[in-house]
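Position 803, counted from 1, in the sequence shown is what the numbering used here calls 937; the numbers after and before it change by one each time, with no gaps.
Note that CB positions come from ideal geometry on N, CA and C, so glycine has one too.
Reviewing the structure listed below.
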Amino acid sequence: MAGASVKVAVRVRPFNSREIGKDSKCIIQMSGNTTTIANPKQAKDNKSFNFDYSYWSHTSPEDINYASQLQVYKDIGEEMLLHAFEGYNVCIFAYGQTGAGKSYTMMGKQDVKDQQGIIPLLCEDLFTKFNDNAGNSMSYSVEVSYMEIYCERVRDLLNPKNKGNLRVREHPLMGPYVEDLSKLAVTSYNDIQDLMDSGNKARTVAATNMNETSSRSHAVFNIIFTQKRHDAETDNTSEKVSKISLVDLAGSERADSTGAKGTRLKEGANINKSLTTLGKVISALAEVDSGSNKNKKKKKVENHIPYRDSVLTWLLRENLGGNSRTAMVAALSPADINYDETLSTLRYADRAKQIRCNAVINEDPNNRLVRELKEEVSRLKDLLFAQGLGDIIDMTNAMTGMSPSPSLSALTSRAGSIASLHDRIMFSPGSEEAIERLKETEKIIAELNETWEEKLRRTEAIRMEREALLAEMGVAMREDGGTVGVFSPKKTPHLVNLNEDPLMSECLLYYIKDGITRVGRVDASSRQDIVLSGHFIKDEHCTFTSSTGPTREIVVLEPCEGAETYVNGKRVTEPTVLISGNRIILGKSHVFRFTHPVQARAERERTPCAETPAEPVDWAFAQRELLDKQGIDMKQEMEQRLQELEDQYRKEREEANNLLEQQRLDYESKLEALQKQVDSYYPDTLEEEEEPEEDVQWTERERELAVWSFRKWRCYQFTSLRDLLWGNAIFLKEANAISVELKKKVQFQFVLLTDTLYSPLPPDLLPPEATKDREKRHFPRTIVAVEVQDQKNGATHYWTLEKLRQRLELMREMYDRAADVPNNTAEDGENVMTGGDPFYDRFPWFRLVGRAFVYLSNLLYPVPLVHRVAIVSERGEVKGFLRVAVQAISADEEAPDYGSGVRQSGTAKISFEDQQYEKFQSETCSVGLSRSGVSQEELRIVEGEGQNAEPGPSADEVNNNTSGPDELESPLKSQDGPLDTTLEHLRIGNVFTFRVTVLQASSISAEYADIFCQFNFIHRHDEAFSTEPLKNTGRGPPLGFYHVQNIAVEVTKSFVDYIKTQPIVFEVFGHYQKQPFLPLCKDVISPLRPCRRQFPRVMPLSKPVPATKLTAMTRSQAGPCHSKYDLMVFFEICELEATGDYIPAVVDHRGGMPCHGTYLLHQGLQRRVTVTIVHESGGDMEWKDIRELVVGRLRNTPEADETIIDPNILSLNILSAGYVRPMRDDRTFYRFEAAWDSSMHNSLLLNRVTPYGEKIYMTLSAYLEMENCTQPAIITKDVCMVFYSRDTKLSASRSIRNLFGTGSLRAADGNRVTGVYEVSLCNLADAGSPGMQRRRRRVLDTSVAYVRGEENLAGWRPRSDSLILDHQWELEKLSLLQDVEKTKHYLLLREKLESTMLMGQESLQSCITEELSESPQPPEVDQEVSSSSEITTERQRELAAKCLRLLTHSFNREYSHVCVSASESKISEMSVTMLRDSASISALNTITPSSTCPSLVEGCYGDAELRPPMPRSRAVSPSPDAQQDAEAKKSVNGASEAKPRIRRFFPDIQEIRVSPIVSKKGYLHFLEPHTNGWVKRYVVVRRPYVYIYNAERDSVERAILNLSSAQVEYSEDQQAMLKTPYTFAVCTEHRGILLQATNDKEMHDWLYAFNPLLAGTIRSKLSRRRAGPMRM
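Okay, structure coming up:
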């Protein structure tokens, strides 16, 4: 039977509870010996395997096909046992994944009948056959060994002496074997069962001590079965030795499914390593034994079997393809969730089936082996004699215990020659190996010659030693000697260990025997009963004496000298009587609980109702007890140790500081030497630089320009603020990190504060130098502060940067000593109130809700007015409203009796001194407190973006209507005379009395409990009038103050000027109830603007994708803007159709927002990208060529991380580029096309079908070369794509609106995405100017520097540039609110005067305009005179220039996306026609967007001295005719002719963010330019742009209008001339467009959407025209 194959059987188990819970399906089918597995993911993918046996155990035993344990044993176990009796080596091992049933098949359930596994049945059947065949001629002997392979290390489980890892060695005759592995003789099946149980228990104990688990190791149980047959005739005894190997493999597993980490992961790796090596061995053996490989020439490399790669395969080498009969049982899981593991097991078994083992009968193995070993011994002795080392053979025999010499005296006598022998061995080649081999062989011979009785005696001795060793280890054995474990005895006193780990507690038990029980170390001079280890355990530590007293048995603990022994936490030095339950600590780490069962039982009987102790007596209890009683000494020891560490740290720090100081001095000396060396090399250059420049004679105009430029340059603060934000970010980050670690509930963030009417800066926030140069400043100061949000107290404070640094030092000190300071909440609260904690500040009981302003212009006439003013916070949020009445009264008028609900105060006398008021004006006028026009013009802190095109005054400056420096000094100089004569009640020197009544406050939030109001004059903060506090609930009627205050003032010039221009300040205070802040890092970085309603999400604007072919571009500094153009760019992605044409891909426009759409693309098609640029024709805009088109930043989210270097950037091949000329369209069209191969990106996002609900985003950048430009212009667009399979049919539009439409639009026209851009052609700035040098310097951004604890901030970042832009929006909002209040006051006063008929229409208009304007208005001119007369004087010429600048001005749109809501209030300029129509409203027409929405970007001011002599408006592309006329005029004047200078510009293209607010949408009629017909178009107004579509269903924008650079004109004369009603015109820089509405209401609605101020002016004019006849 030699050369038999490995028997392979597979067995499928039933479902377990986990698989039943997941509703698993069975994927295993068996038919005979064929096993089929079905793929749950592919129904037709079935795989079949043939094995020797296929056991179906998935169903219940009632099934006819069910394979029971007995059937498996009869097929496999009986056959293997028969082979063992025949003399063959036998091996049975089970393989499979964890939980597949290996252990059940091999071991089964021994306590359940008919469920025993192969191993117990085989062992039982083995001894049954012994009894049946026993006779005079036959004798049997059985030896067993039990070893464990864990992490590639072998351990003996039956011999307690072999604590360490055993060595695996290989003998040339015996093969691999385990050295010193114990083999124990057994005589019955019960002996085998007990040894297996003992081995398992020993594994459990070892696992407890070594932190190992038996289930994660391979166990090999070997049975050496010897048969002896005595032949009486020949008197010869023959033997047959069979080795039965029963292998329990660890379960194969996957680390990801088990979640193994750390040590468990390492163990799993070793398990998988051994099983993988086993698979490699089986595969290699299968290839060797396969028929195809036999016909080939065998090579050593191909036939190499990797047995040595694992200890398991090395030891099982004979069982795998060697001298053994092997059977393998593959355990399978039937569940579909384990398909991959089950298929792997089947393939494993299928490979093992091909292995053939060459088994031979082990007949008389001992005789043959002894003979071969003796021959080897003689050969080795001959070798040693040949090398002259024969005299050490006897010594070697004596050392191994097998010396044939009669005694050891010969060995002793030769001890002196050991050194010389050792030297001879070292110098003899191969001698050391020969001696080692000789020892090994003689040792094996001694084991073989050992008799059976000697083996039994040795086994018994080992058992006794094992029990003694287990007792020393604290593992007790029952009296029957059959079970090992921890058992609490019923009478014997004992010790139980206590451990910090609850699972390790009470695992060891030490008996205290009668008499003396010694405790000590293993290396003590005398044998110790209890062996402990550790640094503080003495060799002889203590003794326990158990003796029987008169009444009971007592145990006395007696410590040895110097041994640390504690009983109940108290150190003992004398004998102590122990009581059951005492805690005993030996040394430092060994904790035990003493238990005396007899005492405990007697105590329970004596006090049966004793309460259970409140705290369990465990390791923690014993340690606390020790600390309580030994705490003073330990505290001193800790303090001493801490002092030593502090001294060492101080010493090391001083050494480090000295070393750093020395290095600094060395570097400074080196730098000085290098500087001297450089100075010696370049002496001439330095002298040239030091030479004074020659004086340049400036003209008066150049000097004025220089002064104007210098003052304008000084007003910029963007760079200085950014430097402060970037430079102090690291301090802010560190403060937040410390706050989080100390759990202070305080968060810090940067904030910008500007000195305005609504948000005056407190004196403590102003830097020291701010008060000195306050008079020199021409703009309000903006500072960088720190907003401190105290979440604990619900307060908000503002710190200066210097205060932050000071507090940060205190925070660091608190952090360093945080470990020593106890966490006491009462103490923390006291520190907060007293200011001892650096994180907290004192906070007042009442806090400012907001401010309101009431103007006093009605006192000029006088008429009473009731104002309803908004209460505005410092951030521009409307917190509520306040009703205030202001009226003039006579001096002797008594206050009426208002009743009990009205609080009446006496008459307060206020003095207005002209000198004090003029001083206040000089200090505050420049910072925006006196004149709102100045403050609006000077609320600018941003530089470098959106500047004016020329160094002339902007339209904002024009709107101030200032004519010269003289008029600024006396704003109402021309009106002083008439006012003094008409206003009798305000004569200089008279006493004027007026009454201020605070009526009600409404809409104030309930978070402010108590509300009161105080008011004062704007320059008299020390004299304030206050109301009584009122309870506020936030619901019900308004809060009624009803506070009456009479004020008497002696009329002075300053008082008259005050009531003309200045308001009274009302400040509303309230007690703020604590409101919880949001957690840190969630709202810290939220913008400062208020919440608005949710608009459709817009795609963020990305930065350009870097070019790959162009050289690194040095970005030039942009100077003044020369001209601006609006671009409309069409983006198309074309795909190759079957016809060979490229057709634009379908675009889904269902998002609802302009300039957005999703491309629906097919996978695997060739594509082209087509870009078409559309703009108005102009002389400066000329495209030259497309330099490069790059795509990149592939992602599946709209936001792109631009800080990461994208490796998938692809430069597209440009196919064509040039101008195109569409029919009947005079705009410029430039188109280019490029080929796009998406597979070149090597991105999974583009090479697969996009999953449902996901979209792919990509950034596209085009680099275009323009005429007269130094660098390419860059157009960037983010596109959205969805990829479908190649054969998917995509409709042109899947919108329901288009589905039921008329279908008049072509589908191809909608398959594009539009982008709106603004291109700015800027002049190149002078690189050598101080401003350019200042911008070039690089500021260190400390926000990226790491600080300790930064990882706890969860993504929080300090704010930087975005804070400046948000603050700009805040200032704009505050300015708008201020203008609204002034306008409301103006309208209310006009309505009051009209209703009381105090003045005529002419005086009303003139007086109100004069008294409420920020500066004097130009004199009104009659319409006929202004249209016919010529401009003759210089004053008229200047006013005309201002009007022209006003008409051509456009405000900045750089940050229009920052405040979408605010853009609704921005208005365009008035037309000249409107000015001619009504001269009475010319003052209103001069209001421009800049006057209502001050921009922080443009640094221009209202002072006349800042105005340059010759301002220019926004540049418009000159026409060729104009250039020719200029050249002709130049030649006529006799100027020398020269070639025109080529201007070089810097192009800057910015994509416009689409506003989500729709002002109006609908149909309008457009007059065609080349015909007289009207065309109907669909128009959507999203300020500041108008989007024009062909129809309402049109999804692609066809044209755009920029309202910020256009003029809206409406004239009744124009309608009469055209004979077309409801028309108005929109004039841009390049064309005029005539539009017609359907009716009058629609026309006014469209006018309001295009220009709200123009619409309001028209309605006001019409209402006055209708009201005139009614008054008549």
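Identity of the residues DSSP links to Glu277 by a beta bridge: Indexing the sequence shown from 1 puts residue 277 at position 143. Glu277 pairs with Ala319 and Ile358.
Cβ shell of Gln1658 (< 7 Å), same chain only, five flanking positions each side left out: Your numbering for residue 1658 matches position 1524 in the sequence shown. The predicted position of Gln1658 is uncertain, since its pLDDT is 41 and thus under 50; no value can be drawn from it.
Tell me Phe1784's beta-bridge partners as DSSP assigns them. Locating residue 1784 in the sequence shown gives position 1650, counting from the first residue. None, per the DSSP bridge assignment.
Between Ala1369 and Leu1349, how many whole angstroms is the CB-CB distance? I'm expecting something under 8 Å. Translated into positions along the sequence shown, residue 1369 becomes position 1235. Translated into positions along the sequence shown, residue 1349 becomes position 1215. Contact flag correct, Cβ pair sits at about 6 Å.
Supposed close pair Ala1740, Cys1761 - CB separation, criterion 8 Å: The residue given as residue 1740 occupies position 1606 in the sequence shown. The residue given as residue 1761 occupies position 1627 in the sequence shown. The pair is a contact, with the Cβ atoms about 6 Å apart (cut-off 8 Å).
Beta-bridge partners of Gln1684, as assigned by DSSP: Walking along the sequence shown from the start, residue 1684 turns up at place 1550. Beta-bridge analysis with DSSP links Gln1684 to Glu1452.
By Cβ distance, which residues of its chain are closer than 6 Å to Val1709, with the 5 residues on each side in sequence left out? In the sequence shown, the residue the question calls residue 1709 occupies position 1575. The beta carbon of Val1709 sits closer than 6 Å to those of Phe1700 and Glu1702, all from its chain and outside the five residues before and after it, given in chain order.
Tell me which same chain residues have a C-beta within less than 6 Å of the C-beta of Ser714, skipping the five on either side of it? Within the sequence shown, the letter at position 580 stands for residue 714. For Ser714, where only same-chain residues beyond five positions count, the Cβ hits under 6 Å are Thr729, His730, Gln733 and Ala734.
Of the choices Pro1240, Tyr1051 and Val1178, whose alpha-carbon is the least far from that of His1155? Counting from 1 along the sequence shown, the entry for residue 1155 is found at position 1021. Among Pro1240, Tyr1051 and Val1178, the Cα nearest to that of His1155 belongs to Tyr1051.
Mind listing, in chain order, the continuous beta strand (DSSP E) runs of no fewer than 3 residues lying wholly within the segment 1742-1782? If we require 3 residues or more, the beta strand (DSSP E) runs fully inside the segment 1742-1782 come out as 1757-1761 and 1766-1770.
Closest residue to Val1130 among Gly1298, Cys1147, Ser1139 and Val922 (Cα-Cα distance): For the purposes of this step, residue 1130 is identified with residue 996 of the sequence shown, where counting begins at 1. Val1130 has its Cα closest to that of Cys1147, out of Gly1298, Cys1147, Ser1139 and Val922.
Examine chain C for any beta-carbon lying closer than 8 Å to the beta-carbon of Asp752, and answer yes or no. Of the protein chains in this structure there is only one, and it is not chain C.
From this set, Pro636, His217, Leu307 and Glu506, which residue's C-alpha is nearest Asp752's C-alpha? As a position in the sequence shown, residue 752 is number 618, starting the count at 1. Nearest option by C-alpha distance: Pro636.
Using CA coordinates, which residue listed in Lys1318, Ser1372, Ser1311 and Ile1277 is at the minimum distance from Arg1355? As a position in the sequence shown, residue 1355 is number 1221, starting the count at 1. Nearest of Lys1318, Ser1372, Ser1311 and Ile1277 to Arg1355, Cα basis: Ser1311.
Run through DSSP, which three-state label would Met330 get? Against the sequence shown, residue 330 aligns to sequence position 196. Looking at Met330 - three-state DSSP - the assignment turns out to be helix.
Every unbroken beta strand (DSSP E) within the segment 715-780, with a cutoff of 3 residues, ordered by chain: Those beta strand (DSSP E) runs which fall completely within the segment 715-780 and span 3+ residues are 717-720 and 724-729.
If I measure Cβ to Cβ from Leu1379 and keep anything under 8 Å in the same chain, skipping five residues before and after, which residues do I get? As a first step, residue 1379 is located in the sequence shown; it is residue number 1245 there, counting from the start. For Leu1379, where only same-chain residues beyond five positions count, the Cβ hits under 8 Å are Leu1328, Arg1329, Asn1330 and Ile1390.
Does Pro1718 come out as helix, strand or coil in the three-state DSSP assignment? As a position in the sequence shown, residue 1718 is number 1584, starting the count at 1. Look at Pro1718 here: in three-state DSSP terms it is coil, with no helix or strand label.
With DSSP run on the structure shown, which of helix, strand or coil describes Lys1196? Taking the sequence shown and counting its residues from 1, one reaches residue 1196 at position 1062. Before going further, note that residue 1196 is Gln rather than Lys in the sequence given. Of the three classes helix, strand and coil, the one that applies to Gln1196 here is coil, per DSSP.
So, are the CB atoms of Arg363 and Met214 less than 8 Å apart? Position 229 of the sequence shown, counted from the start, is the residue given in the question as residue 363. Position 80 of the sequence shown, counted from the start, is the residue given in the question as residue 214. Taking 8 Å as the cut-off, the Cβ atoms of Arg363 and Met214 do not count as close.
Among the candidates Ser991, Asp382, Val276 and Leu517, whose CA atom is the shortest distance from the CA of Leu590? Along the sequence shown, read from residue 1 onward, the residue named residue 590 stands at position 456. Closest option to Leu590, Cα to Cα, is Val276.
I'd like to know whether the C-beta atoms of Val142 and Ala486 end up nearer to each other than 8 Å. The residue labelled residue 142 in the question sits at position 8 within the sequence shown. The residue labelled residue 486 in the question sits at position 352 within the sequence shown. Yes, the pair counts as a contact, with Cβ atoms nearer than the cut-off.
Does DSSP put Gly1483 in a helix, a strand or coil? By one-based count along the sequence shown, residue 1483 stands at place 1349. DSSP places Gly1483 in coil when its eight states are reduced to three.
Can you say whether Arg459 is buried or exposed, counting buried as having 16 or more other CB atoms within 10 angstroms of its CB? Numbered from 1 along the sequence shown, position 325 holds the residue referred to as residue 459. Arg459 should be labelled buried.
Buried or exposed for Ile171, please, with buried defined as at least 16 other CB atoms from any protein chain shown within 10 angstroms of its CB. Here residue 171 refers to the residue found at position 37 of the sequence shown. The residue in question, Ile171, is buried, as its Cβ has 16 or more Cβ neighbours within 10 Å.
Grouping DSSP H, G and I as helix and E and B as strand, with all else coil, what is Lys1694? Residue 1694 sits at position 1560 when you count from the first residue of the sequence shown. It is a strand residue.
In DSSP terms, what Ala1019 is bridged to: Indexing the sequence shown from 1 puts residue 1019 at position 885. In the DSSP output, where bridge partners are listed per residue, Ala1019 has Val1000 and Thr1131.
Glu220 in three-state terms, based on DSSP: Here residue 220 refers to the residue found at position 86 of the sequence shown. DSSP places Glu220 in helix when its eight states are reduced to three.
Give me the Cβ distance between Ala138 and Ala464, rounded to the nearest whole Å; I'm assuming they're in contact under 8 Å. Stepping through the sequence shown from its first residue, residue 138 is reached at position 4. Stepping through the sequence shown from its first residue, residue 464 is reached at position 330. The pair is not a contact, with the Cβ atoms about 19 Å apart (cut-off 8 Å).
Once you ignore the five residues that flank Leu1768 on each side, which residues in its own chain have a CB closer than 7 Å to its CB? Taking the sequence shown and counting its residues from 1, the one referred to as residue 1768 is at position 1634. Cβ within range, chain order: Leu1701, Thr1757 and Ala1759.
Helix, strand or coil: which one does DSSP assign to Val1383? For the purposes of this step, residue 1383 is taken as residue 1249 along the sequence shown, with counting starting at 1. DSSP places Val1383 in coil when its eight states are reduced to three.
Quick check: Glu1515 and Gly1010, are their CB atoms within less than 8 Å of each other? Within the sequence shown, numbered from 1, the residue matching residue 1515 stands at position 1381. Within the sequence shown, numbered from 1, the residue matching residue 1010 stands at position 876. It is not a contact, given that the beta carbons lie outside the stated cut-off.
Whole-angstrom distance between Asp331 and Arg592, CA atom to CA atom: Numbered from its first residue, the sequence shown carries residue 592 at position 458. Numbered from its first residue, the sequence shown carries residue 331 at position 197. Near 20 Å, if we compare the C-alpha coordinates of Asp331 and Arg592.
Glu1545, DSSP secondary structure in three states: Sequence index remark: in the sequence shown, residue 1545 carries index 1411 (1-based). Per-residue confidence for Glu1545 stands at a pLDDT of 39, beneath the threshold of 50, marking its modelled position as unreliable; the derived number appears in the next sentence. Helix, per DSSP.
Same chain only: Cβ atoms within 7 Å of Asn343, ignoring 5 sequence neighbours per side: Residue numbering aside, residue 343 sits at position 209 when the sequence shown is read from its first letter. Annotation note: pLDDT 42 at Asn343 (below 50); position unreliable, coordinate value reported separately. Answer for Asn343: no residue qualifies.
Please report the distance separating the alpha-carbon of Gly1174 from that of His1001. Taking the sequence shown and counting its residues from 1, the one referred to as residue 1174 is at position 1040. Taking the sequence shown and counting its residues from 1, the one referred to as residue 1001 is at position 867. When rounded, the distance between both Cα atoms is 15 Å.
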